[in-house]
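Asker: Chains as they are written, first to last, in my numbering: chain H, 1 to 203; chain S, 1001 to 1229.
Note that beta-carbon positions come from the ideal geometry of N, C-alpha and C, so glycine has one too.
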Amino acid sequence: MSFEIDIEKRLGNTHIALTLEAGEGATVLFGPSGIGKSSVLNMVAGLLRPDRGRIAVNGETLFDATKAGGAGVPPERRRAGYVFQDARLFPHMRVRANLVYGAARGQDGFEDRIAFLGISHLLDRWPSTLSGGESQRVAIGRALLSRPRFLLLDEPLSSLDRARREEVLVAIEHVRDVLKLPILMVTHDPAEAERIGTRVVQM
Amino acid sequence: MLDATEWGIVALSLRVGGVAMAVTLPIAFALAWLLARIRFPGKVVVDAAIHLPLVVPPVVTGWLLLLAFGPNGRIGAWLQDWFGVTVLFRWTGAAIAAGVMALPLMVRAMRISIEAVDRRLENAARTLGAGPWRVFWTLTLPLSIPGVLAGAVLGFARSIGEFGATITFVSNVPGETQTLPLAIYSALQQPGADALVWRLSCVSVGLSLIALIASELLTRRAGRGLNVL
């Protein structure tokens, strides 16, 4: 199983509960905004602690509320490639430094790994000079270069116009079909869910 | 312009201000980080205590320093026993007084800039494999640098202008603890020293102005790399 998730979390007045077991490919969490889809990704990434339950990815348990300690694997050791809704590029580093932030030292194949994203000409730019689509592709590149074991995508297209969406969709399909990383993606757009999702989970 | 004695006063003031700022800087940053990021019992009290020098009469601060660093004070006795030194009537004492008085200003500026650092960026760094220390060195610190610099320069300017706590704590010793404001005060007591008062006052205003402008320029110059604030 790529993702085994069985969690509950209360955040303010929202009660988040999700149980899913997902195999290869892309799993899409689909549903209206405000019901806690992003919180699920944060819990899988280790940025938010579930009240109860268990999270495992590729057979490795990342969180288990019944185990001693209970905090689970810290986020920096989960090797999640997390692409946030708002890119979250580091504003004080150029694109190149952003890309290699999570990369292992002396890693080969930097150019190859990012070639399909079409961002090679952006390496010396500052994040504040990038368009939304460029930022989002750099964010995907940064996540991939950290050698993730799985990818978390939080509405990666929501800030983009129609033309830019296509660029990013193609990049995500490449990750799904060529790099074959398990993907957990959140969206409220049925067309996106349909196109990317190997399976769609209604929340 | 200034004669040799007057240049000596300026040099001493810069030394006192520089040392006070350099020593207070890491302490102020640590306190600012603590107040900005950590919840702990008694935080309100710690916050208030740090701000005390801002509102307590400086003469009281000076007197408390005298109690602590004097021969019967705990710190004073310790310095005497272990190192055979005293800070009383010494420029080092003037730097201590200046540093204590500058601390609240520095903590305030730094705390605001640390609070302005986007935690979501730090979370992103965690998911990319960075532990808490790497997150601090690569994100929290560089992103809060404008406020740290602004706080440091503000503290430096404040240190050069320190008067009340200094004169109470280490007295007004020419060549040792007589910084610019103390020299101006002494000159005001002498008949016919108006010209000296003018010259030293101009230097004081000039130094303060340069410090404030430098802070602004540094912040802007760093701005491209540190443009989130």
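Against Phe90(H), what residues of chain S qualify as contacts under a CB-to-CB distance less than 7 Å, listed in chain order?
Answerer: What you label residue 90(H) is simply residue 90 of the first sequence in a count that begins at 1. Within 7 Å Cβ-Cβ: Leu1121, Leu1139.
Asker: Between which residues of its own chain and Leu1207(S) is the CB-CB distance below 7 Å, once the five residues before and five after are set aside?
Answerer: As a first step, residue 1207(S) must be located in the second sequence, where it is residue number 207. Contacts found: Ile1160.
Asker: Need the endpoints of the alpha helix (DSSP H) that Arg195(H) sits in, please.
Answerer: Position 195 of the first sequence, counted from the first residue, corresponds to residue 195(H). Counting along the chain, the alpha helix (DSSP H) containing Arg195(H) begins and ends at 190–196.
Asker: Consult DSSP for Leu1229(S) and reduce its assignment to one of helix, strand or coil.
Answerer: Locating residue 1229(S) in the second sequence gives position 229, where the first residue counts as 1. Residue confidence for Leu1229(S) is low, a pLDDT of 37 falling below 50, so the modelled location carries little weight; the figure read from the coordinates is stated next. DSSP places Leu1229(S) in coil when its eight states are reduced to three.
Asker: Kindly indicate which residue of Pro74(H), Gly81(H), Phe30(H), Leu20(H) has the alpha-carbon position closest to the one of Leu208(H).
Answerer: Any question about residue 208(H) goes unanswered here, given that chain H covers just 1 to 203.
Asker: List the residues of chain S that Glu76(H) touches, going by C-beta distances under 9 Å, in chain order.
Answerer: Against the first sequence, residue 76(H) aligns to sequence position 76. Simply Ala1125, Arg1126, Thr1127, Leu1128, Gly1129, Ala1130, Gly1131, Pro1132, Arg1134, Val1135.
Asker: Kindly give me the distance between the Cβ atoms of Thr14(H) and Gly36(H), rounded to whole angstroms, as I take these residues to be in contact under 8 Å.
Answerer: Indexing the first sequence from 1 puts residue 14(H) at position 14. Indexing the first sequence from 1 puts residue 36(H) at position 36. Correct: roughly 5 Å between the Cβ atoms.
Asker: Can you find a CB in chain H that lies within less than 8 Å of the CB of Leu1182(S)?
Answerer: The count along the second sequence starts at 1 and reaches residue 1182(S) at position 182. Chain H contact via Cβ: absent.
Asker: With a cut-off of 8 Å, does the C-beta of Leu1143(S) fall near any C-beta of chain H?
Answerer: Here residue 1143(S) refers to the residue found at position 143 of the second sequence. Yes, Leu1143(S) counts as interfacial toward chain H.
Asker: I'd like the span of the beta strand (DSSP E) that includes Asp86(H), first residue to last.
Answerer: Counting from 1 along the first sequence, the entry for residue 86(H) is found at position 86. Unbroken run through Asp86(H): none, as it is neither H nor E.
Asker: Unbroken alpha helix (DSSP H) runs of length 4 or more, entirely within the segment 148–186 of chain H: which are they?
Answerer: Here the runs fully enclosed are 162–174.
Asker: With 8 Å set as the bound, which would you pick, yes or no: does the beta-carbon of Phe110(H) sit closer than that to a beta-carbon of chain S?
Answerer: Within the first sequence, the letter at position 110 stands for residue 110(H). No, Phe110(H) lies away from the interface with chain S (no Cβ there is under 8 Å from its Cβ).
Asker: Have a look at Ile183(H) and Val1153(S) and give me their C-alpha separation to the nearest angstrom.
Answerer: As a position in the first sequence, residue 183(H) is number 183, starting the count at 1. As a position in the second sequence, residue 1153(S) is number 153, starting the count at 1. Their Cα atoms are separated by approximately 49 Å.
Asker: Taking CB distances under 8 Å as the criterion, tell me whether Ala80(H) reaches chain S.
Answerer: For the purposes of this step, residue 80(H) is identified with residue 80 of the first sequence, where counting begins at 1. So yes, Ala80(H) belongs to the interface.
Asker: Please list, in chain order, the chain S residues whose beta carbon lies closer than 8 Å to that of Phe84(H).
Answerer: If you number the first sequence from 1, residue 84(H) lands on position 84. The answer, in chain order, is Arg1120, Ala1124.
Asker: Would you say Tyr82(H) touches the ligand FAD, meaning its beta carbon is less than 7 Å from a heavy atom?
Answerer: Only the bare structure without any ligand can be found here, which leaves the ligand FAD out of the picture.
Asker: So the candidates are Ser146(H), Glu155(H), Val170(H), Val57(H); which of them puts its Cα closest to the Cα of Ser39(H)?
Answerer: Start at 1 with the first residue of the first sequence, and residue 39(H) comes out as number 39. Here the closest residue by C-alpha is Glu155(H).
Asker: Is Val1228(S) close to chain H, meaning its C-beta is less than 8 Å from at least one C-beta of that chain?
Answerer: Within the second sequence, the letter at position 228 stands for residue 1228(S). Model confidence at Val1228(S) stands at a pLDDT of 42, short of 50, so the residue's coordinates are unreliable; what they give is reported in the following sentence. Answer yes: the Cβ-Cβ gap between Val1228(S) and chain H drops below 8 Å somewhere.
Asker: Quick check for students: name the residue ranges of the alpha helix (DSSP H) that lie wholly in the segment 1066–1114 of chain S, counting only runs of 4 or more.
Answerer: Runs of the alpha helix (DSSP H) inside the segment 1066–1114 of chain S: 1074–1083.
Asker: What residues match up with Ile7(H) in a beta bridge as DSSP calls it?
Answerer: Taking the first residue of the first sequence as position 1, residue 7(H) is located at position 7. DSSP lists Leu18(H), Gly53(H) as partners of Ile7(H).
Asker: Where does Glu1216(S) land, buried or exposed, given buried means 16+ other C-beta within 10 angstroms?
Answerer: Taking the first residue of the second sequence as 1, we reach residue 1216(S) at position 216. Its Cβ having fewer than 16 others within 10 Å, Glu1216(S) is exposed.
Asker: I want to see whether chain S comes within less than 8 Å of Leu181(H), judged by CB atoms only; does it?
Answerer: Working through the first sequence from its first residue, we reach residue 181(H) at position 181. Not one chain S Cβ lies under 8 Å of Leu181(H).
Asker: Under 9 Å Cβ-Cβ, which residues of chain S neighbour Ser146(H)?
Answerer: As a position in the first sequence, residue 146(H) is number 146, starting the count at 1. Within 9 Å Cβ-Cβ: Thr1127, Leu1128, Gly1129.
Asker: Nearest by alpha-carbon distance to Ile1050(S): which of Pro1041(S), Ile1038(S), Ala1028(S) is it?
Answerer: Counted from its first residue, the second sequence places residue 1050(S) at position 50. Looking at the Cα atoms, Ala1028(S) is the closest of the given residues.
Asker: Quick check on this structure: which residue in Trp1082(S), Pro1142(S), Glu1176(S) has the alpha carbon closest to the alpha carbon of Ser1113(S)?
Answerer: As a first step, residue 1113(S) is located in the second sequence; it is residue number 113 there, counting from the start. Closest option to Ser1113(S), Cα to Cα, is Pro1142(S).
Asker: Give the DSSP-derived three-state secondary structure of Thr61(H) in the structure shown.
Answerer: If you number the first sequence from 1, residue 61(H) lands on position 61. Three-state DSSP puts Thr61(H) in a strand.
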